[in-house]
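Participant: Structure below; questions to follow.
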């Protein structure tokens with residue numbers, strides 16, 4: 010005789026996040042704002058790539074940057090020197106942003122008038 014019962018849960022743990030992400034995509038699409046999530050390992054050149062991208066596109070596009078980091082603001086300070094609109098997001102130990110955190114950052118940044126928003130995401 011079995012001493013326990015197995016119940017199969019057929020729901021993704023990411024279901025709520027996926028729903029929020031889809032909603033965010035639709036909002037940005039209506040605003041005609043493109044959001045690019047840039048994620049790579051530490052020291053791989055994300056900030057350098059951002060600086061060069063901003064320099065190449067700033068005469069053609071209004072660019073906003075979301076800088077995500079566990080607790081530092083070094084990259085946000087560096088990016089702010091480029092003239093792009095930037096906001097720092099401290100993740101409180103999280104290794105990446107979920108859809109809700111991204112939306113909070115976008116609300117603080119303000120997407121009105123921005124053609125491109127780049128999220129330099131946390132990567133460990």
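In my numbering, the protein residues as written are 10 to 133.
Every residue, glycine too, gets a C-beta built ideally from N, C-alpha and C.
Apart from the five residues on each side of it in sequence, which residues of its chain come closer than 6 Å, Cβ to Cβ, to residue 21?
Facilitator: Working through the chain shown from its first residue, we reach residue 21 at position 12. For residue 21, where only same-chain residues beyond five positions count, there are no Cβ hits under 6 Å.
Participant: Check residue 97 in the structure and name its three-state DSSP category.
Facilitator: Residue 97 sits at position 88 when you count from the first residue of the chain shown. Residue 97: strand per DSSP, three-state reduction.
Participant: How is residue 77 classed by DSSP in three states: helix, strand or coil?
Facilitator: Here residue 77 refers to the residue found at position 68 when the chain shown is read from its first residue. Strand at residue 77.
Participant: Less than 8 Å between the beta carbons of residue 72 and residue 93, yes or no?
Facilitator: In the chain shown, counting from the first residue as 1, residue 72 sits at position 63. In the chain shown, counting from the first residue as 1, residue 93 sits at position 84. Contact: yes.
Participant: With residue 131 and residue 103 assumed to form a contact (beta carbons below 8 Å), what rounded beta-carbon distance in angstroms separates them?
Facilitator: Mapped onto the chain shown, residue 131 falls at position 122. Mapped onto the chain shown, residue 103 falls at position 94. Contact flag correct, Cβ pair sits at about 7 Å.
Participant: Might you give, ordered along the chain, the residues of its own chain that have their beta carbon closer than 7 Å to the beta carbon of residue 85, omitting 5 neighbours on each side?
Facilitator: Working through the chain shown from its first residue, we reach residue 85 at position 76. The answer, listed in chain order, is 76, 95 and 97.
Participant: Which whole runs of the alpha helix (DSSP H) in the region 36-79 are 4 residues long or more, in chain order?
Facilitator: Counting only runs of 4 or more, we get 55-66.
Participant: Considering only the alpha carbon of each residue, which of 108, 91, 15 and 114 lies closest to residue 99?
Facilitator: In the chain shown, the residue the question calls residue 99 occupies position 90. When each option's Cα is compared against that of residue 99, the closest is 114.
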